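Q: Here it is, the structure, as structure tokens.
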Amino acid sequence: MNPAPRMWPDISGIAYGGDYTPEQWPREVWDEDVRLMQEAGVDLVTVGIFSWALLETSEGVFDFGWLDDLLDLLHANGIRVDLGTPTASPPAWFFARHPDARVIDRDGTVMGFGARGMASHSSPAYRAAIVRIATELARRYGDHPAVVLWHVHNEYGVPVGEDYSEQSVQAWRGWLRERYGTLDALNAAWGTAFWGQHYGEWDHVGAPAAAPSVVNPAQRLDFHRFTDHQLLQCFIAERDAIRAHAGQPITTNFMANQSWTTDMWAWAREVDVVADDHYLWAADPEGEIGLAIAADLTRSVGGGAPWILMEHSTSAVNWQPRNVAKRPGEMARNSLTHVARGADAVLFFQWRASRSGAEKFHSAMLPHAGTSSRVWREVVDLGGKLDRLDEITGSRVVADVAILWDFESFWAQDLEWRPSVDVTHAAQIRCFYEQLWRDNVTVDFALPGHDLSGYRLVIAPAQYLLSTADADNLNRYVESGGTLVVSFFSAIVDENDAVHEGGFAAPLEPALGVRVEEFLPLREGDSARLTWGGSEVSSRAWQEDVVVTTAEVIARYADGPGEGGAAITRNRHGAGTGWYVSTRLEADGVRALLAEAYRDAGVEAPDHPAGLEVVRRRGADADYLIAINHRDTSARLAADGVELLSGATVDGEHDVEAGGIAVLRTATPSVQGGDRPADVNP
Ligand code: GAL
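This note's numbering puts the last residue of the sequence shown at 742; the count rises by one with no breaks.
What follows is the structure, encoded as structure tokens:
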């Protein structure tokens with residue numbers, strides 16, 4: 061299946077701006093806002109996201125006067141609008157009228173009013189209300205010349221994802237009937253013979269609410285799928301209501317870095333253009349790597365098409381334990397990294413800092429300190445930089461390595477009672493990604509069932525849930541010449557969270573030439589050593605008892621419970637190679653492992669200085685090298701072309717200043733990496 065055709069809002073160049081909440085300010089401030097937006101080069105603002113109470117003052121009573129004025133003002137000043145539907149925050153009157161639409165959490169707490177967060181995704185009253193407000197907005201503004209994009213809701217899945225209300229439980233039973241047809245099929249899929257959970261009537265099947273012990277993991281995995289489905293149905297209902305009256309592209313903002321409540325692959329097929337919100341985790345000393353992961357994932361779910369960075373922050377956020385401010389230059393580096401990895405729009409939360417409310421300590425483009433501030437000066441400077449990069453819009457990132465990222469595997473793997481709390485899907489992805497990042501090898505993400513034939517190298521980090529069909533796809537990928545690296549705790553369960561027959565990792569035995577007999581997790585803080593050729597490398601958290609069938613043993617455990625056993629193996633299968641690593645390697649081990657895998661796969665790691673992040677976007681007539689210097693000294697980039705930010709001609713080498721950025725237009729190499737089908741998202 062091909063991805064939906066992508067549409068881009070009617071703006072030339074890289075869009076620049078942010079969330080705009082003028083309803084929090086007196087009318088005269090709006091005039092100052094548009095003047096300053098022009099000064100900063102802002103050309104796209106998102107409005108209306110939390111304005112339901114002001115737009116529909118009581119059920120069916122609308123007041124669009126202020127929004128009419130606002131859109132006209134923005135249009136008159138050349139600023140385009142991404143018009144939000146306000147359904148992430150229903151008004152007080154809605155909950156007063158429909159108390160049963162309130163969300164109930166897993167512990168049975170009924171969610172109150174006074175914050176934000178949608179009503180129950182399964183409430184018929186909520187569904188009717190969101191369609192009503194979306195329809196009214198689309199009718200009124202579908203032809204407004206300022207509106208170039210529709211922004212449905214806000215960040216589905218947070219702060220409200222799972223709902224245990226009666227309406228949700230009713231819908232859940234309907235969803236299960238649809239999925240399984242019969243109770244026999246449900247009982248089999250959930251393995252309800254265990255702990256005597258057999259169901260004899262549909263009405264006895266409940267949501268997996270808090271219970272005396274661990275709730276059936278297959279039931280919890282299904283409830284996750286159901287939640288995602290219900291949220292997506294809410295999006296589709298609004299999207300279709302808008303489409304009936306408006307022709308602009310429609311999107312919603314994903315959270316590739318924060319919440320994996322929704323299956324971005326499935327959602328990306330339903331939006332016209334993919335959009336993402338990204339906030340650095342202050343506790344992560346290398347937040348730029350997390351940022352790169354999120355950006356690559358966002359691009360990948362959209363099949364490689366340009367995407368919108370819908371929100372990020374100019375400096376600190378307000379909701380982490382310690383909200384670390386960005387240092388000079390960091391905002392621009394963050395922004396240009398998103399651009400390097402495929403974004404054609406750079407937007408922030410938010411335009412002007414709020415004086416009141418829960419987010420008053422969140423940074424903004426226009427901070428409380430006003431225009432005589434560092435942040436404002438950097439905002440204006442960034443607007444200028446983006447203006448000089450118009451020609452790179454529409455170009456595409458080149459990658460010939462893929463990492464598997466499957467949301468269902470996340471949902472299943474991170475439930476309770478797993479062999480070790482030290483093994484999470486996200487940490488394993490990060491572990492491999494980090495080394496690829498340091499090697500400046502650009503990565504796409506992919507699902508295990510995708511057509512992977514365009515990638516030279518595919519990495520499967522702790523791909524715990526893997527259906528037999530997807531495992532067959534990976535086996536075929538290797539057989540026909542691909543290089544596959546699989547880490548421990550992969551191919552353990554099927555789509556029902558049931559252990560594969562034949563044992564752990566058995567479905568991948570053709571590609572890997574191994575099976576796993578037993579997990580050997582280490583105690584907290586313990587590490588172990590591997591003998592690899594003449595040297596030793598360290599690992600932690602995990603070992604396995606690996607049964608080698610056709611593979612060659614590359615490294616063995618020098619100590620730990622698996623002492624003497626196979627730690628790393630390499631298997632020839634058909635025309636390709638399957639690597640298996642049964643432990644959590646430290647960085648030096650990952651580096652060595654990937655160096656071998658690059659060799660097998662014919663992947664070339666470019667030779668850039670450490671700390672200089674370089675990504676290539678390929679346009680119709682040229683390539684663009686975007687270089688971000690994370691060091692506090694300058695770094696030399698070997699290239700020929702024109703540096704677009706300065707206009708300088710580059711002949712052989714270019715010094716990227718400490719903490720600086722360079723964007724080079726350069727010739728497309730005659731031997732091209734990334735020669736692969738344009739869209740890999742089926
Ligand atoms: C986002 C949200 C915004 C704002 C922002 C603060 O998750 O969409 O409305 O709350 O966080 O960082």
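The beta carbon of each residue, even a glycine, is placed where N, CA and C say it ideally should be.
Nothing here was measured: the structure is a model prediction, and the numbers come from that model.
Report, in whole angstroms, the separation of the C-beta atoms of residue 216 and residue 291, which I expect to be a contact under 8 Å.
A: That belief holds up - the Cβ atoms of residue 216 and residue 291 are roughly 5 Å apart, short of 8 Å.
Q: How big is the Cα-Cα spacing for residue 657 and residue 666?
A: Going from the Cα of residue 657 to the Cα of residue 666 covers about 15 Å.
Q: Do you know how far the Cα of residue 497 is from the Cα of residue 464?
A: Whole-angstrom Cα-Cα distance: 16 Å.
Q: Let me know the secondary structure DSSP gives residue 308 once reduced to three states.
A: Three-state DSSP puts residue 308 in coil, outside helix and strand.
Q: Assign residue 37 to one of two classes, buried (16 or more other C-beta atoms within 10 Å of its C-beta) or exposed (fewer than that).
A: No information on residue 37 is available, as it lies outside the stretch 61 to 742 that the chain covers here.
Q: Taking only runs of the beta strand (DSSP E) that begin and end inside the stretch 563 to 615, which ones reach a length of at least 3 residues, in chain order?
A: Listed in chain order, they are 574 to 581, 587 to 592, 595 to 600 and 602 to 608.
Q: In the DSSP assignment, find the beta strand (DSSP E) that holds residue 370 and state where it starts and stops.
A: Segment 367 to 371, the beta strand (DSSP E) holding residue 370.
Q: In the DSSP output, which residue or residues are listed as bridge partners for residue 407?
A: Per DSSP, 77.
Q: Among the residues of its own chain, which have a CB less than 8 Å from the CB of residue 477, if the five just before and after it don't count?
A: If we look at residue 477 and ignore the five residues flanking it on each side, its Cβ neighbours are 274 and 277.
Q: Is residue 214 near the ligand GAL, with its Cβ less than 7 Å from a heavy atom?
A: Residue 214: yes, Cβ under 7 Å from the ligand GAL.
Q: Kindly examine the ligand GAL and report whether one of its heavy atoms sits closer than 7 Å to the Cβ of residue 116.
A: The answer is no for residue 116.
Q: Would you mind reading off the limits of the beta strand (DSSP E) that contains residue 208?
A: Here the beta strand (DSSP E) through residue 208 covers 207 to 211.
Q: For residue 631, count the other beta carbons within 10 Å of its own beta carbon; 16 or more makes it buried, fewer makes it exposed. Which is it?
A: Looking at its Cβ environment, which holds 16 or more other Cβ atoms inside 10 Å, residue 631 is buried.
Q: Could you name the residues of the same chain whose beta carbon sits closer than 7 Å to that of residue 197, not counting the 5 residues immediately before and after it, in chain order?
A: Around residue 197: 143 and 145.
Q: Could you round the C-beta distance between residue 541 and residue 635 to whole angstroms and report it? I think they count as a contact, below 8 Å.
A: Contact flag correct, Cβ pair sits at about 4 Å.
Q: From the DSSP output, which residues share a beta bridge with residue 703?
A: Note: residue 703 sits in a beta bridge opposite 724.
Q: Can you check which of these residues, 520, 544, 556 and 543, is closest to residue 527 by C-alpha distance?
A: Among 520, 544, 556 and 543, the Cα nearest to that of residue 527 belongs to 556.
Q: Kindly confirm or deny that the stretch 378 to 397 and the stretch 407 to 427 touch, where touching means at least three C-beta pairs closer than 8 Å.
A: The stretch 378 to 397, when compared against the stretch 407 to 427, does touch it at the 8 Å Cβ threshold.
Q: Thinking just about the alpha-carbon of each residue, which of 108, 510, 229 and 644 is nearest to the one in residue 164?
A: Residue 164 has its Cα closest to that of 229, out of 108, 510, 229 and 644.
Q: Going by alpha carbons, who is nearest to residue 532 out of 514, 581 and 565?
A: That would be 565, whose Cα lies nearest to the Cα of residue 532.
Q: Identify the residues that DSSP records as bridge partners of residue 678: which are they?
A: DSSP lists 456 and 683 as partners of residue 678.
Q: How is residue 714 classed by DSSP in three states: helix, strand or coil?
A: Here residue 714 sits in strand by DSSP.
Q: Say the cut is 7 Å; is the CB of residue 80 nearer than that to a heavy atom of the ligand GAL?
A: Not under cutoff, so the answer is no.
Q: Could you pull out every residue in the same chain whose Cβ sits closer than 8 Å to the Cβ of residue 705, ignoring the five residues on either side in sequence?
A: Cβ within range, chain order: 445, 448, 449, 721, 722 and 723.
Q: Does the stretch 238 to 246 come into contact with the stretch 194 to 214, if we say contact requires no fewer than three beta-carbon pairs (one atom in each stretch) closer than 8 Å?
A: In short, these stretches do not touch, since the Cβ pair count stays below three.
Q: Okay, do the stretch 93 to 106 and the stretch 469 to 489 touch, 3+ Cβ pairs below 8 Å being the bar?
A: No, the stretch 93 to 106 does not touch the stretch 469 to 489.
Q: Which residue or residues does DSSP assign as beta-bridge partners of residue 336?
A: Answer is 314 and 369.
Q: Measure the Cβ-Cβ separation of residue 628 and residue 615 and say whether it is below 8 Å.
A: In this structure, residue 615 lies closer than 8 Å to residue 628 by Cβ.
Q: Rounded to the nearest angstrom, how far is the Cβ of residue 580 from that of residue 601, given a contact under 8 Å?
A: Wrong, their Cβ atoms sit about 10 Å apart, outside the cutoff.
Q: Who pairs with residue 244 in a beta bridge, going by DSSP?
A: Answer is none; residue 244 lacks a bridge partner.
Q: Give the DSSP-derived three-state secondary structure of residue 449 in the structure shown.
A: Reduced to three states, the DSSP call for residue 449 is coil.
Q: Relative to the C-alpha of residue 590, which residue among 652, 551, 553 and 138 is closest?
A: Comparing Cα positions, the closest option is 652.
Q: So, does the CB of residue 190 fall closer than 8 Å to a CB anywhere in chain C?
A: Within the model displayed, chain C is absent; a lone protein chain is all it includes.
Q: Which whole-angstrom value is the C-beta distance of residue 597 and residue 625, which I expect to be below 8 Å?
A: About 15 Å separates the two Cβ atoms, so there is no contact after all.
Q: Please determine whether the Cβ atom of residue 419 lies at a distance below 7 Å from any heavy atom of the ligand GAL.
A: Yes - the ligand GAL has a heavy atom lying nearer than 7 Å to the Cβ of residue 419.
Q: Going by beta carbon distance, what residues of the same chain come within less than 7 Å of residue 442, once the five residues before and after it are set aside?
A: Contacts found: 391, 392 and 395.
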